[in-house]
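For the sequence shown, the tail end lands on 500 under UniProt numbering, and the numbers increase by one without skipping.
By construction, the Cβ of each residue, glycine as well, lies at the ideal position given by its N, Cα and C atoms.
Data block below; observations after.
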Amino acid sequence: MKITQKIEFDEDVSSICESTAALTEGCRLPVRMHKTEDWPLAEVVSIKDHDGKRQFYVHYVDFNKRLDEWVTEEDVDTRKVQFPRRDGTQTGASTGVTTPKKHHSSVPGSVSRPTSPQPAVSNEMVNGNAVLAAALQKKINRKRKFNAVPAPPAVVVPETPPPVIVPAPVIPAVVVPTTPAPVTVVEEASQDGKTATPRQSGSMVIHQDDVVTRMKNVEMIELGKHRIKPWYFSPYPQELCQMPCIYICEFCLKYRKSRKCLERHLVKCNLRHPPGNEIYRKHTISFFEIDGRKNKVYAQNLCLLAKLFLDHKTLYYDTDPFLFYVMTEFDSRGFHIVGYFSKEKESTEDYNVACILTMPPYQRKGYGKLLIEFSYELSKFEGKTGSPEKPLSDLGLLSYRSYWAQTILEIFISQKPNSDGEKPTITINDICECTSIKKEDVISTLQNLNLINYYKGQYIVCISRDIIDQHKKAMDKRKIRIDSKCLHWTPKDWSKRSKW
Ligand SMILES: [Zn+2]
């Protein structure tokens, strides 16, 4: 999608093409999406000739790149083509206005960031979300100014009225005292309205958006008993990418060009689990901690594999500053990789996850949330809060939002009423402390859930019966959970080591 920033399109240059011969890379036109009768706007990324016929590698403008594909001349609608403008002017450009109506909605949250605060608009608008947004912005500003200063004291109590618990009718209510004066905070926020940008230095590489890396280059992989169609580019060796399938040892993650070669490898390969230490085991689920310096080849191969399914960011070669936590499922043949996340040994930004991925055969089964839960369990052991590195993928963001919402709701709902039958006061910092979820993420979750109300000088959380019921249903589905008793791990202080 970055390409839209570089090339401008103009409705004026939209034209009818006599044939597909006029199409060039960068053109936009309606294209029939594979296995559908939808014709969303797509951009031609690359063109090739196949048996005298032209084929087009297209990216559907409003969709995730994993849907990019090769299409034939029959799949492109040349009646309305937008050519990229060549003069480079920025004025009057518009994109995709006249394209056919989209039939599916694009994946929610694919571009939004969870921590973008919206400064409150007016002094009148004293609602919970405005205050939360302001509090969040204040925290970000403060952090910028005093990066090394420890977090400010926990509770933010409104100045004028003493904190009283206000019972909301019918629904359980919890008072969340928060920053009292939205007006002041809003002023502060307006000084610097932008959110912190994600770190782009270090070994995490936001990959280049050139034609080669924009195109899927691996047809198929075989990993253990799974055959998986990749979603994105990954820099496997060229000669392997020309093969119909890359065969990957599911234990050491080395790759071979044929099944025969893999079989030869398996005779020699003694691994039946990832390298490193098994730091967690409950039932069939285990976690292995792998040091990116000590097990460099494995870590690099893991990154190569993960890149097939991660578009936003990845690291390939400099794995030294990272730890890798690989989740496996055990059976009689060994410990099979289900997913993983990487984590910087030292993060100045409190990131507790760099990249995170559930292997496609295991997706939509609750493993993603288990990985996230484990990452926060590590942060709890470290005694700090953490947050995933941004940007998150569309699927990653959905999983995180859901995890945060469930974890925070669980705290509210499980709170025992005091002797007056009312639920006690809880601060945002209390929530951070017992979940290890970073303050920004707690606040953005409360905003998204729209739980905060302002009532008689207090900020109260009102949770409807509906939300409670939905929450209980969702929690019933989370059958596998992390059991902290099964984690055998002591955090290391990497800053004290001169060399990793
Ligand atoms: Zn192997």
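**Asked** So is the beta-carbon of leucine 271 under 7 Å away from any non-hydrogen atom of ligand 3?
**Response** No copy of ligand 3 occurs in the structure displayed; its ligands are ligand 1 alone.
**Asked** What three-state label does DSSP hand glycine 339 in the structure shown?
**Response** Indexing the sequence shown from 1 puts residue 339 at position 339. Of the three classes helix, strand and coil, the one that applies to glycine 339 here is strand, per DSSP.
**Message:** Can you look up glutamine 242 in the DSSP assignment and give me helix, strand or coil?
**Reply:** As a first step, residue 242 is located in the sequence shown; it is residue number 242 there, counting from the start. Three-state DSSP puts glutamine 242 in coil, outside helix and strand.
**Prompt:** What's the C-alpha gap between proline 417 and threonine 425?
**Reply:** Here residue 417 is taken as the residue at index 417 of the sequence shown, counted from 1. Here residue 425 is taken as the residue at index 425 of the sequence shown, counted from 1. For proline 417 and threonine 425, the distance between alpha carbons rounds to 10 Å.
**Request:** Return yes when the C-beta of cysteine 249 is under 7 Å from any heavy atom of ligand 1, and no when it is not.
**Result:** Sequence index remark: in the sequence shown, residue 249 carries index 249 (1-based). Because some heavy atom of ligand 1 lies under 7 Å away, the Cβ of cysteine 249 counts as near it: yes.
**Request:** Classify glutamate 389 as helix, strand or coil using the three-state DSSP reduction.
**Result:** Against the sequence shown, residue 389 aligns to sequence position 389. Shown here, glutamate 389 sits in coil according to DSSP, grouped into three states, outside any helix or strand.
**Message:** Rounded to whole angstroms, what is the Cα-Cα separation between threonine 319 and valine 45?
**Reply:** Here residue 319 refers to the residue found at position 319 of the sequence shown. Here residue 45 refers to the residue found at position 45 of the sequence shown. Cα to Cα, threonine 319 sits roughly 31 Å from valine 45.
**Prompt:** Using the beta-carbon count (16 or more within 10 Å), is glutamine 82 buried or exposed?
**Reply:** Against the sequence shown, residue 82 aligns to sequence position 82. Buried, by the Cβ-count rule.
**Item:** Cβ-heavy atom distance, cysteine 252 to ligand 1, below 7 Å
**Value:** Taking the sequence shown and counting its residues from 1, one reaches residue 252 at position 252. Answer for cysteine 252: yes, Cβ within range of ligand 1.
**Request:** Count the other CB atoms, across all protein chains shown, that sit within 10 Å of the CB of methionine 359; report buried if there are 16 or more and exposed otherwise.
**Result:** Mapped onto the sequence shown, residue 359 falls at position 359. Per the 10 Å Cβ criterion, buried.
**Request:** Pull up the CB-CB distance for aspartate 441 and tryptophan 404, whole angstroms please, since I reckon it's below 8 Å.
**Result:** Against the sequence shown, residue 441 aligns to sequence position 441. Against the sequence shown, residue 404 aligns to sequence position 404. The Cβ separation is near 6 Å, so the contact holds.
**Request:** Say yes only if the C-beta of histidine 265 is nearer than 7 Å to one or more non-hydrogen atoms of ligand 1, and no if none qualify.
**Result:** Sequence index remark: in the sequence shown, residue 265 carries index 265 (1-based). Yes, since a heavy atom of ligand 1 falls inside the 7 Å radius drawn around the Cβ of histidine 265.
**Item:** serine 402 vs lysine 369 beta-carbon contact at 8 Å
**Value:** Sequence index remark: in the sequence shown, residue 402 carries index 402 (1-based). Sequence index remark: in the sequence shown, residue 369 carries index 369 (1-based). Yes; because the gap between Cβ atoms is below 8 Å, this pair is in contact.
**Request:** Taking isoleucine 468 as part of the alpha helix (DSSP H), name the residues at either end of that continuous run.
**Result:** Numbered from 1 along the sequence shown, position 468 holds the residue referred to as residue 468. 465-477 is the extent of the alpha helix (DSSP H) around isoleucine 468.
**Asked** Taking the alpha-carbon positions, what's the proline 274 to cysteine 252 distance?
**Response** Here residue 274 is taken as the residue at index 274 of the sequence shown, counted from 1. Here residue 252 is taken as the residue at index 252 of the sequence shown, counted from 1. C-alpha separation (whole angstroms): 6 Å.
**Cβ pair arginine 478, glycine 366 closer than 8 Å** = To locate residue 478, count along the sequence shown from 1; it is residue 478. To locate residue 366, count along the sequence shown from 1; it is residue 366. Against a cut-off of 8 Å, the Cβ pair of glycine 366 and arginine 478 comes out as a contact.
**Request:** With aspartate 49 as the anchor, note down where its beta strand (DSSP E) starts and where it stops.
**Result:** Within the sequence shown, residue 49 is the residue found at index 49, counting from 1. Per DSSP, aspartate 49 belongs to the beta strand (DSSP E) from 41-50.
**Asked** Exposed or buried, tryptophan 494, counting other C-beta atoms within 10 Å across all chains shown (16 or more means buried)?
**Response** What you label residue 494 is simply residue 494 of the sequence shown in a count that begins at 1. Result: exposed.
**Prompt:** How about valine 218 and cysteine 241: do their beta carbons lie closer than 8 Å?
**Reply:** Counting from one through the sequence shown, the residue named residue 218 turns up at place 218. Counting from one through the sequence shown, the residue named residue 241 turns up at place 241. Taking 8 Å as the Cβ cut-off, valine 218 and cysteine 241 qualify as a contacting pair.
**Item:** Where serine 444 falls: helix, strand or coil (DSSP)
**Value:** For the purposes of this step, residue 444 is taken as residue 444 along the sequence shown, with counting starting at 1. Here serine 444 sits in helix by DSSP.
**Message:** Which same chain residues end up closer than 7 Å to asparagine 277 when comparing Cβ atoms and leaving out the 5 residues on each side of it in sequence?
**Reply:** Locating residue 277 in the sequence shown gives position 277, where the first residue counts as 1. Phe288 and Glu289, listed in sequence order.
**Message:** Distance check for glutamate 222 and tyrosine 255, CA to CA, integer angstroms please.
**Reply:** Along the sequence shown, read from residue 1 onward, the residue named residue 255 stands at position 255. Along the sequence shown, read from residue 1 onward, the residue named residue 222 stands at position 222. One C-alpha to the other measures close to 10 Å.
**Item:** Under the three-state DSSP convention, the category valine 212 falls into
**Value:** Indexing the sequence shown from 1 puts residue 212 at position 212. It is helical.
**Asked** DSSP three-state call for serine 19: helix, strand or coil?
**Response** Here residue 19 corresponds to residue number 19 of the sequence shown, with the count starting at 1. Judged by DSSP in its simplified three-state form, serine 19 adopts coil rather than helix or strand.
**Request:** Between the Cα of glycine 383 and those of Ile437, Ile337, Val338 and Ser393, spot the shortest distance and give me the residue it belongs to.
**Result:** In the sequence shown, residue 383 corresponds to position 383, counting from 1. Ranking Ile437, Ile337, Val338 and Ser393 by Cα distance to glycine 383 puts Ile437 first.
**Prompt:** Distance, Cα to Cα, isoleucine 372 vs glutamine 406?
**Reply:** By one-based count along the sequence shown, residue 372 stands at place 372. By one-based count along the sequence shown, residue 406 stands at place 406. So the alpha carbons of these two residues sit roughly 12 Å apart.
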